[in-house]
Each structure stands twice: as C-alpha cells, then as structure tokens.
Amino acid sequence: MNTRDAFGRAARASESVSAVAARDVSVALAPGRPTLIGVDLTVQAGEIVYLVGQSGSGKTTLLRAIRGLVPLAGGTLEVLGKPIRPGFALSSDVAFVPQHLGLVRPRSVIGNVLAGALVRMPAWRTWTGFARRDEIERAHEILTRLRIAHLAERAVHSISGGERQRTAIARAWMQDPRLVLADEFLAHLDPATSDIVQAEVAAARARGVAFVATTHDPRLVDGHAGRVVALAGGRLVSRSQAPGQIAAGVG
Amino acid sequence: MSARVRHAALATGGTILVVVALARVGLLDLARLGRGAENAATFLGDLWPPRVEALPELMGALLETFEIAIAGTSIGIAIGLPAALFSTRTVAPRAIAGPLRIVLGVVRSVPALLWAVLAVAALGLGPAAGAIGIAAYTTGHLGKLLGEHFESVDPEVVEAVRGTGASRAAVLRHVILPESRNAVVSQCLYALEYNVRASSILGFVGAGGIGFYVLGYVQMLDYRSLATALIVTLAAVLALEAIGAGLRRAYGVR
Numbered sequence: 000m001n002t003r004d005a006f007g008r009a010a011r012a013s014e015s016v017s018a019v020a021a022r023d024v025s026v027a028l029a030p031g032r033p034t035l036i037g038v039d040l041t042v043q044a045g046e047i048v049y050l051v052g053q054s055g056s057g058k059t060t061l062l063r064a065i066r067g068l069v070p071l072a073g074g075t076l077e078v079l080g081k082p083i084r085p086g087f088a089l090s091s092d093v094a095f096v097p098q099h100l101g102l103v104r105p106r107s108v109i110g111n112v113l114a115g116a117l118v119r120m121p122a123w124r125t126w127t128g129f130a131r132r133d134e135i136e137r138a139h140e141i142l143t144r145l146r147i148a149h150l151a152e153r154a155v156h157s158i159s160g161g162e163r164q165r166t167a168i169a170r171a172w173m174q175d176p177r178l179v180l181a182d183e184f185l186a187h188l189d190p191a192t193s194d195i196v197q198a199e200v201a202a203a204r205a206r207g208v209a210f211v212a213t214t215h216d217p218r219l220v221d222g223h224a225g226r227v228v229a230l231a232g233g234r235l236v237s238r239s240q241a242p243g244q245i246a247a248g249v250g
Numbered sequence: 000m001s002a003r004v005r006h007a008a009l010a011t012g013g014t015i016l017v018v019v020a021l022a023r024v025g026l027l028d029l030a031r032l033g034r035g036a037e038n039a040a041t042f043l044g045d046l047w048p049p050r051v052e053a054l055p056e057l058m059g060a061l062l063e064t065f066e067i068a069i070a071g072t073s074i075g076i077a078i079g080l081p082a083a084l085f086s087t088r089t090v091a092p093r094a095i096a097g098p099l100r101i102v103l104g105v106v107r108s109v110p111a112l113l114w115a116v117l118a119v120a121a122l123g124l125g126p127a128a129g130a131i132g133i134a135a136y137t138t139g140h141l142g143k144l145l146g147e148h149f150e151s152v153d154p155e156v157v158e159a160v161r162g163t164g165a166s167r168a169a170v171l172r173h174v175i176l177p178e179s180r181n182a183v184v185s186q187c188l189y190a191l192e193y194n195v196r197a198s199s200i201l202g203f204v205g206a207g208g209i210g211f212y213v214l215g216y217v218q219m220l221d222y223r224s225l226a227t228a229l230i231v232t233l234a235a236v237l238a239l240e241a242i243g244a245g246l247r248r249a250y251g252v253r
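Chains A and B, in that order, give the protein sequences.
Heads up, the first sequence is in numbering that gives the first Met the number 0, so the first residue is 0 and it goes up one at a time.
Heads up, the second sequence is in numbering that gives the first Met the number 0, so the first residue is 0 and it goes up one at a time.
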C-alpha cells in the first residue's frame, strides 16, 4: 500500500494494514428497522474520510459500529486488521470522539485527558485513580501542543467550547491511536481551535493515523484534503445521489 | 373509554377510597375526635414540666443512638455504594446488574425497624442489632437510589470513555462516580440524618438507643421524663441537620 500524507511522505510500513475494512455491514438498532444496510468502506492508514449525509442517514451508527459499540446484524468489519465481533476487547488503538465530546464535566481538563490512558493502566490503578509521572507528563505535553496547558486543573464545565474540543482531542491523543473516529466535531471546530487542530491532524496523518469524521454539512469538508463518502437511508450512495444539500453543497 | 370518562372514573374511585379509609380508621367519628382532643390536652399538660433528672440516663442513650446511626450508615454506604455501581445497567454487565437491582429493591422494601427485629433475633438485644438493621436498610436504600442516579449519567460520556478502550470498572470509577459526586455526598448525608431519626425508635424492639427509654416512660406513664426524651431527640436531630447543611455547603452540594 502506498499511502501518502499531506506532506507527501510515505506512511510507516508497519501501517500497511487497512484502518477500516467493512464488507456488506448491516446494523439494526431496533428489531426490523435496519440503520445500516450493506455498507462497504475501506479506509487506509493516514487517510481521512468524511462521512456526509443528513440526520438519520446512519453516519453516527457507522462510526459506533467501527468502534465496536453496536453489534453487527450482518457483514464483516475489520478495524486495524482485527475483526469486530461480540465480546471482543476494545483496544486503545482506536479513539472515538462523540458529537458532544463526551467529557466528564465535573472533572479537571487533565483528569479527562488521563482517561485516555486508563486502558493501559493495571486494574488496581484504575480504581485508585493514581496516574504515573510519565502519564501526567505526556498529558501536559499534549495540552501544551494544543495550547490549553494553563487550563489543566480547571473543571471542564468552566472552560469554553473551543477549549473543550481541544480537551476531547487531547484525550484521544493520550491513547496514541492509529485510527480516530470523530462524530461531527472535526468539521465544526471553534475558529481559534481550528488551525491548531488541523496542524495536529496533518501531523498525525503523516505518522499513518487514519481519520473517519462525520458531518451533516458537506460544505465544511471543502478545503480539507480528504475523501468524502455519502450515506443516505443507511446505504452508501454516490455523492450525486445523495439528497438535498449534499448534492448542492459538494460540487 | 375516552380520556374524560376514564378521568372521571378515576377521580370518583379515588374519592370513595379515601372516604372509606378515613371512616374505617375512625377519623369520621366526630364524638370520638372531640374526646381525643380533650385527652390530647390532658396529655400535653402531663408532659409539663419536663423532668430534668432523666437527663443523665438519656444522654447515654442518645449517644448510643448516634453510635448506632453512624455504624449502621457507614456499613450501609460501604456495601450500598459499590452495589449501586454494579447495578448500573448502562455500564455493568446485565447478568450482574439485573439480579443486583432486584436484591437491592427487596432489601430496601423492608423498613429498618423490621430488619432490627430480625437482627435482635440473631444477635440478641442491644445496639449491635440496631446497627445491623440500619445497615441493611441503608444498603438497600442507597443501592437503589444511587443506582438509578448512576443510570441517568449522560450515555455519550459513558460511551466516549468506554470508546478509549477503558474497562467497565474504569468507567464506573472515572465517569459514573465523578458525574454523580454531588448526588453521592447528598444521599449519604441524607441517609445519616434519616438513620439518626430511625435509630431513635429502634429501642422499641430492643435494638438499643433512646427508644428503649421512650417506650419505658410511655408504659410507666412517666410523661414528664418522656417530654425530656422528646426534647433531647428533637434537639439532636436539628443539630445534626444543621451540621449536614454545613457539610453540603462546604461541598457545594444542594
């Protein structure tokens, strides 16, 4: 595979397995009412894919399916070379940022970022809540890169929307992921945050990190170096087939 | 049946139920209520003045009441809080959460006084039985109430941290607990306040505390000592509630 990032560098050889390989994937959140029907999607290392489609088109469900948070009704789904099947263990290689960021609001910024390291902690440490010095240093380094280190001890409910977006990204970075799944927000960044995050995303893609991001407004995708995949009624459609604003918004 | 007819039927049925209940317990018997008012006036007169000599024995019993409440509440929190966490169906495996919720519901539906009766049968008379009774009720109460609160935590936050790959136990510790911190502090303080009140009648069934004296004074018609006991209990409960309010303010909890 010959994936190249925004800077034209070849991706790491070790990333040669597809980030996502979905074949004929179906999901039924309620019995008899399919949310996804026969979805095929391949995402390579270092690639960024935008899922576009109206509310209810199945974008978020596809993202949650890739994270292994909803059971498949049919098809096969491999993420970073490992099949998603009932009871599999969620690895730290995949980061998932939900639409409203999913931050623990009463906790501090650094407390939320350290949640990204829980998966690698032994059980006794997840209960006592003690982070190791190297974990704390790494969290601070990420916060510094995102320019919110000065907010480390502030509670999440007391910081601004853009600062929360960066906190959610910092938690994802803490996992050191190879695949990042972002629901809506990568395309809706606060202006002050946007430049910082775009640089971070470009650097991560250069390391071979893949991104799948949803958006209901494809106009926001323009100007981003990514592939656009459209969903309508739970199926993949060509962009010209997608209803309404999607056809209009993306030329 | 239209909504209106159903409404009228429910209202009529409800009214009949209330009237029948009042009549059967004797509260619609006006002559009897009149006699009752006279008796109450006499009784209130007999309460005055409170007998100060009863204070020394009452202070010891009051202290024991607090000890029962503190011991019982602590055990109840120690068992009830983890039980509540593992009965959170949005995070804990259903095979654990489901049965646990049923057990907590059953434990909670038995009042502390009845648990104390059972504990007296097992442990004999005394405050140990009272503490066990309080602990059992508190376990069920906190387990059920906090469990329900834990389930109301935003599922997106649960999914976000679950999505980092963190274990279910880690999600309970790092999402459910911090998101519910205020409810946990508030409910534990409430449980302590409630348990001091509950402990004050445990003596009725021989499970220690000031209730033993209250029952004794009533049976010996020593109403002046009873008045002292009631005043002391009231003062203690009010003092504790003031302390609880202070702690809530300190924690920024409503």
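Where is the CB? At the ideal position from N, CA and C, for every residue including glycine.
In this text, all values refer to a predicted model and were calculated from it rather than measured experimentally.
Beta-carbon of residue i versus every beta-carbon of chain A: anything under 9 Å?
| i | result |
| --- | --- |
| A235 (chain B) | no |
| G132 (chain B) | no |
| R93 (chain B) | no |
| G129 (chain B) | no |
| R248 (chain B) | no |
| N194 (chain B) | no |
| N38 (chain B) | no |
| V252 (chain B) | no |
Flag residue i as yes if its beta-carbon sits less than 9 Å from any beta-carbon of chain B, otherwise no.
| i | result |
| --- | --- |
| G115 (chain A) | yes |
| F95 (chain A) | yes |
| D92 (chain A) | yes |
| R153 (chain A) | no |
| G110 (chain A) | yes |
| V249 (chain A) | For V249 (chain A), the predicted model reports a pLDDT of 38, less than 50, meaning its position is unreliable and no value from the coordinates is stated. |
| R253 (chain A) | Because residue 253 (chain A) is not part of the residues shown, which for chain A are 0 to 250, the question remains open. |
| R144 (chain A) | no |
| R63 (chain A) | yes |
Using a cut-off of 7 Å between C-beta atoms, extract the partners of residue i located in chain B.
| i | result |
| --- | --- |
| R106 (chain A) | P177 |
| H99 (chain A) | E155 |
Under 8 Å between beta-carbons, which chain B residues line up against residue i? List them in chain order, please.
| i | result |
| --- | --- |
| H156 (chain A) | Correct list: empty, because the minimum Cβ distance to chain B is about 11 Å. |
| V179 (chain A) | The contacting residues do not exist; V179 (chain A) stays about 11 Å from chain B at best. |
| V103 (chain A) | V156, V160, H173, V174, P177 and E178 |
Anything in chain B within Cβ reach of residue i, meaning under 9 Å, just list it in chain order.
| i | result |
| --- | --- |
| Q197 (chain A) | Within 9 Å Cβ-Cβ: nothing; Q197 (chain A) doesn't reach chain B, min ~22 Å. |
| E174 (chain A) | The question names Glu, yet the displayed sequence has Gln at residue 174 (chain A). Within 9 Å Cβ-Cβ: T163 and G164. |
Along chain A, in chain order, which residues have C-beta atoms closer than 8 Å to that of residue i?
| i | result |
| --- | --- |
| T89 (chain B) | Within 8 Å Cβ-Cβ: nothing; T89 (chain B) doesn't reach chain A, min ~12 Å. |
Go to residue i, then tell me how far its alpha helix (DSSP H) extends in each direction, as first and last residue.
| i | result |
| --- | --- |
| Y212 (chain B) | G210 to Q218 |
| F149 (chain B) | P126 to E150 |
| G85 (chain B) | In the sequence as presented, Gly is not what sits at residue 85 (chain B); that position holds Phe. Run containing F85 (chain B): L54 to F85, per the alpha helix (DSSP H) assignment. |
| A205 (chain A) | P190 to A205 |
| I101 (chain B) | R93 to S108 |
| L229 (chain B) | Y222 to A249 |
| G161 (chain A) | G160 to M173 |
Considering just the uninterrupted stretch of the beta strand (DSSP E) at residue i, what are its terminal residues?
| i | result |
| --- | --- |
| A21 (chain A) | V19 to A29 |
| D28 (chain B) | Segment: none, D28 (chain B) is in no beta strand (DSSP E) and carries neither H nor E. |
| P33 (chain A) | R32 to V42 |
Along chain A, in chain order, which residues have C-beta atoms closer than 7 Å to that of residue i?
| i | result |
| --- | --- |
| A169 (chain B) | L117 and T125 |
Scan the region 159-170 of chain A for residues whose Cβ lies nearer than 9 Å to a Cβ of chain B and list them as they occur along the chain. A167 and R170
Relative to chain B, which residues along the region 117-136 of chain A have a C-beta separation below 8 Å, given in chain order? L117, V118, M120, A122, T125, W126 and G128
Please list the residues of the region 66-90 of chain A that have a C-beta atom closer than 7 Å to any C-beta atom in chain B, keeping them in chain order. R66, L68, L89 and S90
Give a yes or no on contact between the region 142-160 of chain B and the region 218-234 of chain B, applying the rule of three or more CB pairs nearer than 8 Å. no
Is the region 6-15 of chain B in contact with the region 61-80 of chain A, if contact means three or more CB pairs nearer than 8 Å? no
Take every Cβ of the region 218-229 of chain B, pair it with every Cβ of the region 151-163 of chain B, and state whether three or more of those distances are shorter than 8 Å. no
Check whether the region 223-234 of chain A touches the region 44-55 of chain A, counting contact only when three or more Cβ pairs, one atom from each stretch, lie closer than 8 Å. yes
Count the C-beta pairs between the region 121-133 of chain A and the region 189-209 of chain A that are closer than 8 Å, then say yes if the count reaches three, no if not. no
Any contact of the region 130-144 of chain A with the region 169-188 of chain B, i.e. 3+ C-beta pairs under 8 Å? no
At a cut of 8 Å, does the region 110-118 of chain B reach the region 173-185 of chain B through at least three beta carbon pairs? no
So, do the region 121-137 of chain B and the region 86-101 of chain B have three or more beta carbon pairs nearer to each other than 8 Å? no
Taking one C-beta from the region 24-44 of chain A and one from the region 116-127 of chain B each time, how about it: are there three or more such pairs within less than 8 Å? no
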